[in-house]
Amino acid sequence: MDKKMRSKVKIDTDYLSALSRLTIDPDEAKKLKSDLEKTIDFIRNLQQLPPTKQKPKEKIENIFFQDGEENPLNLTYKDLEKNSRKFRNGVFVVGKII
Amino acid sequence: MEIFGRSLLSIKKLIAEKKISSTEVFEFFLQRIKKYDAKINAFLKIAENPAKKDQDFLPISIKDNFCTKGIRTTAGSKVLENFIPTYDATVVKKLKKANLRILGKTNMDAWAHGSSTETSDFGPTRNPWNLEHIPGGSSGGSAASVSAYLSPASIGSETAGSVRQPAAWCGVLGLKPTYGRISRFGLIAMASSFDCPGIIALDTKDCAYLLQILSGKDELDATSAQKPPEAYLENLEKREKFCIGVPEEYFEDTQPEIKESFEKIKKILQKLGFKFKKIKLISPEYAISVYTIIQRAEVASNLARYDGIRYGRSRKFFGTEAKKRIMLGNFVLSAGYYQAYYLQAQKVRDRIKLDFEKIFKDIDLILSPVVPSTALRLGEFEKYPFFGELIDKFNEPAAIAGLPAISFPVGIDKKGLPLSLQFVADHFQEAKLLNAVYQIQQETNFFEVIQKGLEKWR
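Residue numbers (the working numbering), protein chains in the order written: chain A, 60 to 157; chain B, 138 to 595.
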């Protein structure tokens with residue numbers, strides 16, 4: 060186990076919530092920090108397992124679908140519009156990024 | 138003709154023999170839901186009576202994370218409070234094709250994140266055996282709906298224990314098939330390499346019947362198995378003698394009555410010609426960590442799609458449990474931690490799979506507890522940083538390896554709550570699971586537990 064793994068992990072809730080695009084209030088942050096650190100402390104038990112020379116059991120292959128060729132559910136623009144509050148003139152309206 | 142307490146297949150027979158109509162059956166259950174569900178909160182949405190003259194339909198409840206065309210589907214979260222799918226999940230399509238119709242959508246932990254149904258954004262479901270206790274989860278609404286006979290059977294889903302555990306705590310049957318045996322298409326994704334639709338029922342024959350209907354390859358789910366559905370119902374009548382493996386260390390930290398039930402069942406099965414063998418599996422403590430890491434990583438990825446643009450509401454509607462899981466998922470996937478956590482968990486997942494592969498060369502089934510205790514009281518989950526993973530420690534190993542399993546009732550504890558055990562089988566050996574449980578149903582009085590539970594809500 061390397062040095063980084065031996066020391067107790069401190070969670071930076073501001074960084075992780077930003078990375079996750081989540082808004083958390085200060086009280087929630089406190090609880091999340093405590094729970095996450097306890098969980099990480101537990102899951103580090105995997106580091107204690109002696110290494111093996113075993114090879115990965117199965118090779119995972121991506122399965123690709125051709126984009127735009129099939130519409131097995133026969134979805135229409137009208138269907139898309141039904142559940143979106145941000146669908147105007149055939150397109151989804153998204154916020155500015157820059 | 139009394140409907141109360143009858144299994145799904147028994148109702149089917151009555152309808153076929155014209156002793157009762159579909160309309161009457163639906164009305165019976167809809168009235169019961171109206172009368173009792175205010176106390177239990179098993180349902181998030183009640184469907185209208187679909188039965189029409191000369192059409193024989195059977196009712197079934199379904200967890201609210203299966204997309205149902207035209208019927209609100211929330212996955213227990215306020216993010217999807219107003220989401221009305223424009224298509225049916227493959228499971229729903231197959232049910233409809235077999236003339237089953239949805240009675241209602243059942244409550245669940247939000248996004249299936251939990252094992253108590255208390256993280257639902259629509260209030261907790263209560264255990265029909267004792268309303269101060271939790272039904273388990275995340276398919277708690279489904280299990281409670283069957284246990285209180287608000288539905289004759291239900292479809293739930295499981296990543297690791299979410300069918301078996303609530304079924305165990307509500308004193309009914311919970312079947313989790315092999316990963317890929319039933320299509321995941323239209324099941325709102327939680328952790329895609331674990332997610333698996335499952336069956337909650339009152340009778341082994343109902344489990345076999347529903348599995349027969351739902352299994353098979355689906356072109357819309359690349360991970361569904363090529364294997365065609367099997368004749369599970371026919372297979373029940375064979376008197377097979379299985380070799381049962383028992384991981385004794387699994388019983389060490391369990392409520393004593395669970396161990397006592399195991400001893401009872403062992404004697405009965407030995408008399409029936411079953412053989413028992415001690416086995417040693419990798420400690421479930423490692424399975425907890427493997428499951429926690431990989432599931433959180435997949436949750437972070439799956440829930441990234443909820444941006445409030447195409448459907449659903451914005452990310453500010455996620456509850457604390459979902460936030461916790463997304464954040465841990467992003468943590469274990471981030472640079473500097475990926476190898477130590479995510480990659481290591483994948484390696485140990487392989488070790489657990491190989492461990493089972495080796496074990497199943499010598500035995501047919503594994504018999505183990507489902508949960509360390511009977512149903513806990515409401516609010517217990519708040520005391521644990523990751524309640525679901527700890528409570529499901531006996532369910533996670535099989536889920537990690539994608540194995541099928543079934544939980545079944547074996548008694549009642551001193552507090553008056555149901556006790557359960559589970560069988561686990563090798564991949565695609567659901568027929569063995571069902572056969573063994575059916576023999577128990579036929580040869581013991583264990584299934585009286587189910588009837589006792591129902592009687593509380595007559």
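Cβ coordinates follow ideal geometry from the N, Cα and C atoms, glycine included.
These numbers were taken from a predicted model, which means no experiment stands behind them.
Checklist entry - How about the stretch 527 to 535 of chain B and the stretch 565 to 574 of chain B: do they share at least three Cβ pairs that are nearer than 8 Å? => result no
Next on the checklist: Against chain A, does Asn467(B) count as a neighbour if the rule is that its beta carbon must be under 8 Å from one of theirs?
Outcome noted: As a first step, residue 467(B) must be located in the second sequence, where it is residue number 330. At least one chain A Cβ lies under 8 Å of Asn467(B).
Next on the checklist: For chain B, check one thing: does any of its Cβ atoms lie closer than 8 Å to the Cβ of Ile102(A)?
Outcome noted: Here residue 102(A) refers to the residue found at position 43 when the first sequence is read from its first residue. So yes, Ile102(A) belongs to the interface.
Item to check | Residues within the stretch 444 to 462 of chain B neighbouring chain A, beta-carbon criterion of under 7 Å | outcome: Ile446, Arg447, Tyr448, Arg452, Lys453, Phe455, Thr457, Lys460 and Lys461
Checklist entry - What residues in the stretch 69 to 90 of chain A bring their beta carbon closer than 8 Å to a beta carbon of chain B? => result From the stretch 69 to 90 of chain A, only Ile70, Thr72, Leu75, Ser76, Leu78, Ser79, Arg80, Leu81, Thr82, Ile83, Glu87 and Lys90 have a Cβ closer than 8 Å to chain B.
Checklist entry - Looking at Ala212(B) and Asp97(B), is the spacing between their C-beta atoms short of 8 Å? => result No information on residue 97(B) is available, as it lies outside the stretch 138 to 595 that chain B covers here.
Next on the checklist: As an exercise, report each continuous beta strand (DSSP E) stretch of at least 3 residues that is fully enclosed by the stretch 335 to 394 of chain B, in chain order.
Outcome noted: 380 to 384
Item to check | Proximal residues of chain B, C-beta to C-beta of Val150(A) below 8 Å | outcome: Here residue 150(A) is taken as the residue at index 91 of the first sequence, counted from 1. Those within 8 Å of Val150(A) in chain B number zero; the least Cβ separation is about 11 Å.
Item to check | Sub-8 Å separation of Phe322(B) and Asp355(B) beta-carbons | outcome: Indexing the second sequence from 1 puts residue 322(B) at position 185. Indexing the second sequence from 1 puts residue 355(B) at position 218. Closer than 8 Å, so yes.
Next on the checklist: So the candidates are Ile197(B), Ile239(B) and Lys495(B); which of them puts its Cα closest to the Cα of Lys417(B)?
Outcome noted: By 1-based counting over the second sequence, the position of residue 417(B) is 280. Of the listed residues, the one whose Cα sits closest to Lys417(B) is Lys495(B).
Checklist entry - In the stretch 522 to 567 of chain B, which residue ranges form an unbroken alpha helix (DSSP H) of at least 4 residues, counting only runs that do not cross its ends? => result Taking only runs of at least 4 residues, the alpha helix (DSSP H) segments lying wholly in the stretch 522 to 567 of chain B are 524 to 528 and 533 to 538.
Checklist entry - Mapping DSSP to helix, strand and coil, what is Thr608(B)? => result Because chain B in this structure spans residues 138 to 595, residue 608(B) falls outside the shown range and cannot be described.
Checklist entry - By the 10 Å Cβ neighbour count, where 16 or more other Cβ atoms means buried, how is Ile148(B) classified, buried or exposed? => result Your numbering for residue 148(B) matches position 11 in the second sequence. Classification of Ile148(B): buried, given that the 10 Å Cβ count is 16 or more.
Checklist entry - Less than 8 Å separating the beta-carbons of Gly277(B) and Met327(B)? => result Looking up residue 277(B) in the second sequence gives position 140. Looking up residue 327(B) in the second sequence gives position 190. Not in contact: Gly277(B) and Met327(B) (Cβ atoms no closer than 8 Å).
Next on the checklist: Do Phe455(B) and Leu81(A) count as a contact pair if the criterion is CB distance below 8 Å?
Outcome noted: Position 22 of the first sequence holds residue 81(A). Position 318 of the second sequence holds residue 455(B). When the beta-carbon positions are compared, Leu81(A) and Phe455(B) come within less than 8 Å of each other.
Item to check | Outcome for Tyr74(A) when other beta-carbon atoms lying within 10 angstroms are tallied against a minimum of 16 | outcome: Position 15 of the first sequence holds residue 74(A). Burial call: exposed.
Item to check | Neighbourhood of Leu217(B) by C-beta, 7 Å cutoff - its chain only, sequence neighbours within 5 removed | outcome: Translated into the one-based positions of the second sequence, residue 217(B) becomes position 80. Once the five neighbours on either side are set aside, the close Cβ partners of Leu217(B) are Thr210, Thr211 and Gly449.
Next on the checklist: Taking the straight line between their C-alpha atoms, what separation do you get for Trp266(B) and Asn372(B)?
Outcome noted: Along the second sequence, read from residue 1 onward, the residue named residue 266(B) stands at position 129. Along the second sequence, read from residue 1 onward, the residue named residue 372(B) stands at position 235. Between Trp266(B) and Asn372(B), the alpha-carbon positions lie close to 32 Å from each other.
Checklist entry - Roughly how many whole angstroms lie between the Cα atoms of Gly293(B) and Asp499(B)? => result Sequence index remark: in the second sequence, residue 293(B) carries index 156 (1-based). Sequence index remark: in the second sequence, residue 499(B) carries index 362 (1-based). Their Cα atoms are separated by approximately 31 Å.
Checklist entry - Can you find a C-beta in chain B that's less than 8 Å from the C-beta of Lys97(A)? => result Translated into positions along the first sequence, residue 97(A) becomes position 38. Yes, Lys97(A) counts as interfacial toward chain B.
Checklist entry - Excluding sequence positions up to five away, which residues of its chain have a Cβ less than 8 Å from the Cβ of Ala424(B)? => result Reading the second sequence from its first residue, position 287 is the one you call residue 424(B). Cβ within range, chain order: Ile489, Lys530, Glu533, Pro534 and Ile537.
Item to check | Enclosing beta strand (DSSP E) for Leu504(B) [first to last residue] | outcome: Indexing the second sequence from 1 puts residue 504(B) at position 367. Counting along the chain, the beta strand (DSSP E) containing Leu504(B) begins and ends at Leu502 to Pro506.
Checklist entry - Applying a beta-carbon distance threshold of less than 8 Å, which residues of chain B neighbour Lys141(A)? => result In the first sequence, the residue the question calls residue 141(A) occupies position 82. Going along chain B in sequence order, the residues near Lys141(A) (Cβ under 8 Å) are Ile221 and Thr223.
Checklist entry - Any idea what DSSP makes of Glu120(A), helix, strand or coil? => result Taking the first sequence and counting its residues from 1, the one referred to as residue 120(A) is at position 61. In the three-state scheme derived from DSSP, where H, G and I count as helix and E and B as strand, Glu120(A) is classed as coil.
Checklist entry - Cβ of Val507(B) within 8 Å of Cβ of Ser544(B)? => result Residue 507(B) sits at position 370 when you count from the first residue of the second sequence. Residue 544(B) sits at position 407 when you count from the first residue of the second sequence. Yes, the Cβ-Cβ distance between Val507(B) and Ser544(B) is below 8 Å.
Checklist entry - Of all the options Tyr575(B), Glu519(B) and Lys375(B), which has the alpha carbon lying nearest to the alpha carbon of Pro546(B)? => result By one-based count along the second sequence, residue 546(B) stands at place 409. Of Tyr575(B), Glu519(B) and Lys375(B), the residue nearest in Cα terms is Tyr575(B).
Checklist entry - Counting only beta-carbon atoms, is Leu232(B) nearer than 8 Å to chain A? => result In the second sequence, counting from the first residue as 1, residue 232(B) sits at position 95. It does not: the Cβ of Leu232(B) has no partner Cβ on chain A nearer than 8 Å.
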